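Undergrad: Residue numbers (the UniProt record's numbering): 1 to 413.
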Amino acid sequence: MVSELGDQLAELTSRLVQINSVNPPGDVTGVVEFIRNWLSERGFSSSIYEYVKGKPNLIARVGKGKPIIILNGHTDVVPPGDPDKWTHPPFSGRVIEGRVYGRGSTDMKGGVAVIMMVFAKLGPLIEKEGAGSLVFSATADEEVGGHAGVEALVKDNLLVGDAAIVAEPTGFDKYCIAEKGLSQVKLITRGRPAHGSLPLLGDNAIMKLFKAIDKAQGIINEVNRDIKLPQDLIEAVNNSAKVYLEGALRSGLRLSEDDFKRVIGSVSFNPGVIKGGSKVNMVPDYAELELDMRVPPGVSPSAVIDRLRNGLSELAEVEVLDTSEPNYTPSNERIIQLIREGISRQGAEAKPIIMTGATDGRYLRLRGIPTVIYGPGELTLAHTYDEYVTIKDLVNTHNTIKYTVEKYLSLKQ
Ligand SMILES: [Zn+2]
Numbered sequence: 001m002v003s004e005l006g007d008q009l010a011e012l013t014s015r016l017v018q019i020n021s022v023n024p025p026g027d028v029t030g031v032v033e034f035i036r037n038w039l040s041e042r043g044f045s046s047s048i049y050e051y052v053k054g055k056p057n058l059i060a061r062v063g064k065g066k067p068i069i070i071l072n073g074h075t076d077v078v079p080p081g082d083p084d085k086w087t088h089p090p091f092s093g094r095v096i097e098g099r100v101y102g103r104g105s106t107d108m109k110g111g112v113a114v115i116m117m118v119f120a121k122l123g124p125l126i127e128k129e130g131a132g133s134l135v136f137s138a139t140a141d142e143e144v145g146g147h148a149g150v151e152a153l154v155k156d157n158l159l160v161g162d163a164a165i166v167a168e169p170t171g172f173d174k175y176c177i178a179e180k181g182l183s184q185v186k187l188i189t190r191g192r193p194a195h196g197s198l199p200l201l202g203d204n205a206i207m208k209l210f211k212a213i214d215k216a217q218g219i220i221n222e223v224n225r226d227i228k229l230p231q232d233l234i235e236a237v238n239n240s241a242k243v244y245l246e247g248a249l250r251s252g253l254r255l256s257e258d259d260f261k262r263v264i265g266s267v268s269f270n271p272g273v274i275k276g277g278s279k280v281n282m283v284p285d286y287a288e289l290e291l292d293m294r295v296p297p298g299v300s301p302s303a304v305i306d307r308l309r310n311g312l313s314e315l316a317e318v319e320v321l322d323t324s325e326p327n328y329t330p331s332n333e334r335i336i337q338l339i340r341e342g343i344s345r346q347g348a349e350a351k352p353i354i355m356t357g358a359t360d361g362r363y364l365r366l367r368g369i370p371t372v373i374y375g376p377g378e379l380t381l382a383h384t385y386d387e388y389v390t391i392k393d394l395v396n397t398h399n400t401i402k403y404t405v406e407k408y409l410s411l412k413q
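So, in structure tokens, the structure goes:
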């Protein structure tokens with residue numbers, strides 16, 4: 001779709017992509033300065049909150065009182081990797097054949113451009129009608145956990161509202177209602193050292209660790225047999241399975257939709273790091289494994305860890321590395337309904353999805369704010385070479401979000 005709006009969104013996305021904000025180190029000063037000036041040229045003031053030097057967060061508000069709807073996007077991007085693997089240089093923001101290319105085009109400078117545009121367009125009307133508030137927030141640090149960004153802002157009551165849209169890439173016809181949580185643990189086994197030529201005199205910690213891993217997987221399989229997801233999450237799991245499968249098929253993996261449904265809708269199991277032993281001719285007395293498990297809504301990350309601890313008590317110690325709660329916004333929330341309507345009235349079937357990783361949306365949800373993840377781009381293009389966003393997606397998601405805000409704040413259209 002070639003349109004004036006399309007050109008504006010492509011141009012804005014391209015300019016944001018050209019400002020390097022790779023995380024680490026996560027310095028987003030340049031992007032925030034650009035956004036601040038852009039808003040100011042259109043008559044909007046904004047506030048800056050900088051918890052960590054070089055990682056400023058920007059918040060702009062229009063309107064008065066409740067209801068408050070938040071638009072959010074992060075300004076940092078992941079590193080580009082090997083620049084030679086890009087067809088167009090990663091920070092070129094090259095606009096060609098209906099696409100904007102570059103690091104962050106999909107994740108998520110395209111999304112930031114879209115919500116900037118919606119804010120600038122509706123701002124004057126919201127100021128005039130005074131039927132609630134719209135908050136625009138461009139936040140730092142998402143790619144390394146959002147601690148100096150949304151997490152801190154929510155904790156300090158600087159970013160709170162009645163509903164939120166986080167414009168991470170879902171693509172125009174999909175919207176994300178849920179994210180899996182996290183249980184990361186270390187399994188530690190201990191033994192008795194001995195000379196490697198007489199292993200029977202020792203107690204081998206590595207062999208114990210193998211048994212513990214095997215047993216841990218059995219315990220997680222048991223946990224997974226008992227999981228019952230609510231109906232709207234089952235639909236989301238099925239849709240996400242299709243999305244992830246497409247990406248997998250493109251990379252030549254022979255997997256099925258059922259494979260993905262199984263892993264998305266249950267606790268995943270990934271031994272990520274293993275260490276142990278000190279010398280080939282010694283019986284090792286110590287070994288450890290770092291294990292990453294992603295937990296669907298309805299399952300408690302700490303309950304999963306307790307099950308492991310009880311089941312492995314004879315073999316291994318279980319140490320917690322990190323946990324975060326899974327989270328989800330039910331389909332009957334108004335913000336979800338409006339996003340669905342916004343998609344449908346542009347002629348597409350609106351599909352809920354669930355993400356296997358975490359976004360800043362979790363901080364808003366855990367604060368009790370109904371939150372939908374919805375924005376331009378393709379989930380499977382995030383963090384890849386030749387990342388791009390289509391202008392059509394920029395325009396269509398812009399229209400959906402604009403419609404949602406207009407309805408949510410009962411603006412005359
Ligand atoms: Zn992102």
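Backbone N, C-alpha and C fix where the C-beta goes; we use that ideal spot for every residue, glycine too.
On a predicted model such as this, the values are computed, not experimentally measured, just so you know.
Measuring from each Cβ to the nearest heavy atom of ligand 1, keep the ones under 5 Å and list them in chain order.
TA: Counting every residue whose Cβ lies closer than 5 Å to a heavy atom of ligand 1, we get D107, M108, E168.
Undergrad: How many angstroms separate the CA atom of residue 425 from the CA atom of D141?
TA: Here the chain comprises residues numbered 1 to 413, so residue 425 is not present and cannot be evaluated.
Undergrad: Just how far apart, CA to CA, sit V372 and K392?
TA: Roughly 21 Å between the two C-alpha positions.
Undergrad: Please classify L200 as buried or exposed, where buried requires at least 16 neighbouring CB atoms within 10 angstroms.
TA: Classification of L200: exposed, given that the 10 Å Cβ count is below 16.
Undergrad: For A148, I'd like the list of residues in its chain whose CB is within less than 7 Å of its CB, leaving aside the five on either flank, ordered along the chain.
TA: Y51, V52, K55, A140, D141.
Undergrad: Can you have a look at P284 and say buried or exposed, based on whether 16 or more other CB atoms are within 10 angstroms of its CB?
TA: Buried is the call here.
Undergrad: Could you tell me whether the region 232-244 touches the region 255-275, using the rule of 3 or more Cβ pairs below 8 Å?
TA: Result yes; three or more Cβ-Cβ pairs closer than 8 Å.
Undergrad: Within its chain, find whatever has a CB closer than 6 Å to the CB of K85; leave out the 5 residues flanking it on each side and keep chain order.
TA: If we look at K85 and ignore the five residues flanking it on each side, its Cβ neighbours are Y385.
Undergrad: Can you grab the Cα-Cα spacing for the pair L409 / N72, in whole Å?
TA: Going by the C-alpha atoms only, they are around 17 Å apart.
Undergrad: G104 to I115, Cα distance in whole Å?
TA: Going by the C-alpha atoms only, they are around 15 Å apart.
Undergrad: Could you tell me how far apart the beta carbons of T170 and L379 are, in whole angstroms, since I believe they sit closer than 8 Å?
TA: That belief holds up - the Cβ atoms of T170 and L379 are roughly 7 Å apart, short of 8 Å.
Undergrad: Terminal residues of the continuous alpha helix (DSSP H) containing residue 485?
TA: The requested residue 485 does not occur in the structure, where the chain is confined to residues 1 to 413.
Undergrad: If you run the structure through DSSP and keep just helix, strand and coil, what is E179?
TA: Note: E179 maps to strand in three-state DSSP.
Undergrad: Measure the alpha-carbon distance for S14 versus E314 and round it to whole angstroms.
TA: Rounded to whole angstroms, S14 to E314 spans 57 Å at the Cα level.
Undergrad: Across which residues does DSSP place Q184 in a beta bridge pair?
TA: Answer by DSSP bridge pairing, in chain order: D292, D322.
Undergrad: At the level of alpha carbons, what is the spacing between R340 and Y175?
TA: Cα to Cα, the separation comes out at about 8 Å.
Undergrad: Check the C-beta distance from residue 415 over to G196 and give it rounded, since I have them as a contact under 8 Å.
TA: A query on residue 415 cannot be resolved here, the shown segment of the chain reaching from 1 to 413 and no further.
Undergrad: Find out if the Cβ-Cβ distance for the pair K102, G93 is shorter than 8 Å.
TA: One detail in the question is off: residue 102 reads as Gly in this sequence, not Lys. Against a cut-off of 8 Å, the Cβ pair of G93 and G102 comes out as a contact.
Undergrad: Report the option in G252, V95, A348, A60 whose CA atom is closest to the CA atom of G123.
TA: The residue with the shortest Cα to Cα distance from G123 is A60.
Undergrad: Touch check for the region 236-247 and the region 144-158: three-plus C-beta pairs under 8 Å?
TA: In short, these stretches do not touch, since the Cβ pair count stays below three.
Undergrad: Could you check where the beta strand (DSSP E) with F91 kicks off and where it finishes?
TA: F91 -> no beta strand (DSSP E), and no H or E assigned at all.
Undergrad: What residue range does the alpha helix (DSSP H) around V17 cover?
TA: Start and end: 4-18.
Undergrad: So L5 packs on H383, CB below 8 Å; how close in whole Å?
TA: No, L5 and H383 are not in contact; Cβ-Cβ is about 28 Å, not under 8 Å.
Undergrad: For P83, is the classification buried or exposed, using 16 other Cβ atoms within 10 angstroms of its Cβ as the cut-off for buried?
TA: With fewer than 16 Cβ atoms within 10 Å of its Cβ, P83 is classed as exposed.
Undergrad: What alpha helix (DSSP H) runs, 4 residues minimum, are completely inside the region 104-175?
TA: Fully enclosed alpha helix (DSSP H) runs of 4 or longer: 110-129, 152-155.
Undergrad: Here's the rule: buried if 16 or more other CB atoms are within 10 angstroms of the residue's CB, otherwise exposed. What is N23?
TA: Flag for N23 reads buried.
Undergrad: Could you check what DSSP says for K412 in three-state terms: helix, strand or coil?
TA: Residue state, collapsed to three classes: coil.
Undergrad: Please return the same chain residues whose Cβ sits closer than 7 Å to the Cβ of S251, not counting the five positions on each side in sequence.
TA: Nothing meets the Cβ criterion.
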